[in-house]
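Here the working numbering is used: the first residue of the sequence shown is 1, the next is one more, and so on.
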Amino acid sequence: MQILKGIWDFIQYQILGMRWLDELIGSALSGLGLDTSTRLGGSIEFFAYDVIKITILLCLLIFLISYIQSYFPPERSKKILGRFHGIGANSVAALLGTVTPFCSCSSIPLFIGFTSAGLPVGVTFSFLISSPMVDLGSLLLLMSIFGTKVAVIYVIVGLIIAVIGGTIIEKLHMEKHVESFIMTAGSVDIESPDLTMKDRLAYAKDQMLSTFKKVFPYILIGVGIGAVIHNWIPEEWVIAALGSKNPFGVVLATLFGVPMYADIFGVIPIAEALLSKGADLGTVLSFMMAVTTLSIPSMVMLRKAVKPKLLALFIAICTIGIIIVGYFFNAIQGFII
Numbered sequence: 001m002q003i004l005k006g007i008w009d010f011i012q013y014q015i016l017g018m019r020w021l022d023e024l025i026g027s028a029l030s031g032l033g034l035d036t037s038t039r040l041g042g043s044i045e046f047f048a049y050d051v052i053k054i055t056i057l058l059c060l061l062i063f064l065i066s067y068i069q070s071y072f073p074p075e076r077s078k079k080i081l082g083r084f085h086g087i088g089a090n091s092v093a094a095l096l097g098t099v100t101p102f103c104s105c106s107s108i109p110l111f112i113g114f115t116s117a118g119l120p121v122g123v124t125f126s127f128l129i130s131s132p133m134v135d136l137g138s139l140l141l142l143m144s145i146f147g148t149k150v151a152v153i154y155v156i157v158g159l160i161i162a163v164i165g166g167t168i169i170e171k172l173h174m175e176k177h178v179e180s181f182i183m184t185a186g187s188v189d190i191e192s193p194d195l196t197m198k199d200r201l202a203y204a205k206d207q208m209l210s211t212f213k214k215v216f217p218y219i220l221i222g223v224g225i226g227a228v229i230h231n232w233i234p235e236e237w238v239i240a241a242l243g244s245k246n247p248f249g250v251v252l253a254t255l256f257g258v259p260m261y262a263d264i265f266g267v268i269p270i271a272e273a274l275l276s277k278g279a280d281l282g283t284v285l286s287f288m289m290a291v292t293t294l295s296i297p298s299m300v301m302l303r304k305a306v307k308p309k310l311l312a313l314f315i316a317i318c319t320i321g322i323i324i325v326g327y328f329f330n331a332i333q334g335f336i337i
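Given below as C-alpha cells:
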C-alpha cells in the first residue's frame, strides 16, 4: 500500500501538479536575479508556472478527450441516448456530457441538435448542465490542484446536479417552452463513416489546436487575475468575503461568477489563488461552477433556443444546486483536505 501511495503521490504532484516545473521556473527566475519572495517576483513566478502548466495539461487533455469523442459523433450519441428512458436517460446524458466540449457556449449547439432530433428536453438539459461543469478535463485538472478526493467528489456532485436538474425539467413538461423552430426542425440520420486511427488522431489534433486558440486568451486572463489575488490582495480581505466567517460567501461567489465567461482552464488559476488566500473550498468551487455553467454569454445563446420561462428554470436549478454544493463542500472541507 505504501508503494502504491508513493506512486500515486508522484502522479498527482509531479505529473499532474508539475511541482518540478514550479521549482524549475523558480530557479530560473532566481538565476536571472529576480527575488520571487517579493510581490512582483512572486506574481511573475505564479504567472509563468500556471500558464505553462495549464497549457501543457490543456493540450494533452483536449487531444485525449477529442480522440475519445471521435467515437461519439452526434448521430451515435443520439442513438445511445434514445435507448434509455426516465432517470436512466438523464444519467447517461450527464455522463455523455463528460466527453464533450469544455464550456457551455460550445455545448449549446450540441444541445440544440439533440433537442431537434427528438430527444426529451429533460435529457438534453442533463447533458447541457453536465458538459461544461464536469468534463474529464476538469477532473484531471482539479486533481492537479486540489487533490483526488476533491476532484472525484466535485465530479460526482456535478453529475447529480445534472441528473436532478434534467429530471425536474422533464417532470414539469417544459417542451412547449423550447422555441418552435427547434422542435420542428427534425433531423437527418447520417451514418458516421468508420474512421481509421490516423483519422481519429488527425481529428484530435485539429480539435486541440482549435480549442487552444479559443481558450488561451482566457488562460492568460485567468492566470493574470490569479497572480494578482495570490500576491497583491490582502489575505484578510479574501477571508472576510469568502471565508467561513461570512455565511453568505457561497452565494456571493456564485453571483460574482455568473457575469464572467471562461472555461475550467481559465477559472482554475483564480480558484487556486482564492483558496491559498483563505477562501473556503466550497465557496471557491461554487465560483468555478457558476463561471463555467451560467456565464451571461452562454445564457444569451441559450435564450435563442428556449423561451424565458424555461431559461429562468434552468438558471434557478443550476444556481440553487451550485449553492447547495458550495455549502456541502464547506461542511466537509476538514475531512477531504
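A virtual CB, placed ideally from N, CA and C, is assigned to each residue, including glycine.
Beta-carbon proximity list for residue i, same chain, < 8 Å, skipping 5 on both sides
| i | result |
| --- | --- |
| P259 | S295, I296 |
| L29 | T36, G41, I44, E45, A48 |
| T115 | V121, T124, V178, I182, M183, A305 |
| L147 | For clarity, residue 147 is Gly in the given sequence; the question names Leu instead. Hits under 8 Å: Q12, I336, I337. |
| L220 | V51 |
| L195 | S70, Y203 |
Contact check, residue i vs residue j, beta carbons under 8 Å
| i | j | result |
| --- | --- | --- |
| F314 | V157 | no |
| V163 | N231 | no |
| Y154 | L285 | yes |
| L81 | L96 | yes |
| I229 | L274 | yes |
| S130 | T167 | no |
| V250 | G282 | yes |
| F63 | M197 | no |
| L141 | I264 | yes |
| K54 | I323 | Correcting the residue type first, residue 54 is Ile in the shown sequence and not Lys. The answer is no: Cβ separation not under 8 Å. |
| L58 | V215 | yes |
Cβ-based neighbour list, residue i, same chain, cut-off 6 Å, excluding 5 preceding and 5 following
| i | result |
| --- | --- |
| F287 | A253, G257 |
| Y67 | R200, A204 |
| G17 | S144 |
| T211 | I62 |
| G321 | I161 |
Simplified DSSP state of residue i, which is helix, strand or coil
| i | result |
| --- | --- |
| V178 | strand |
| I190 | A caution first: I190 carries a pLDDT of 45, below 50, which makes its placement in the model too unreliable to give a value. |
| Q333 | helix |
Cβ-based burial, residue i [other Cβ within 10 Å; buried from 16]
| i | result |
| --- | --- |
| I15 | exposed |
| M326 | Rather than Met, the amino acid found at residue 326 in this sequence is Gly. The residue is buried, with at least 16 neighbouring Cβ atoms inside 10 Å. |
| D135 | buried |
| F10 | exposed |
| F248 | exposed |
| E272 | buried |
| A290 | buried |
| I3 | exposed |
| V300 | exposed |
| A93 | buried |
| G86 | exposed |
| L302 | buried |
| A331 | exposed |
Nonlocal neighbours in the same chain, by C-beta distance under 7 Å from residue i, ignoring five residues either side
| i | result |
| --- | --- |
| V152 | none |
| G224 | F47 |
| A279 | V238, L242, G243 |
| S126 | N90, A93, A94, A162, V163, G165, G166 |
| S77 | L96 |
| L310 | M174, H177, V178 |
- Task: Entirely within the segment 39 to 95 and at least 4 residues each: give me those alpha helix (DSSP H) ranges in chain order.
- Result: 39 to 69, 74 to 82
- Item | Contiguous alpha helix (DSSP H) assignments of at least 4 residues, all confined to the segment 101 to 169 | 104 to 116, 121 to 133, 136 to 146
- Message: For a minimum of 4 consecutive residues, which ranges assigned as the alpha helix (DSSP H) are wholly contained in the segment 222 to 279?
- Response: 235 to 242, 249 to 257, 264 to 276
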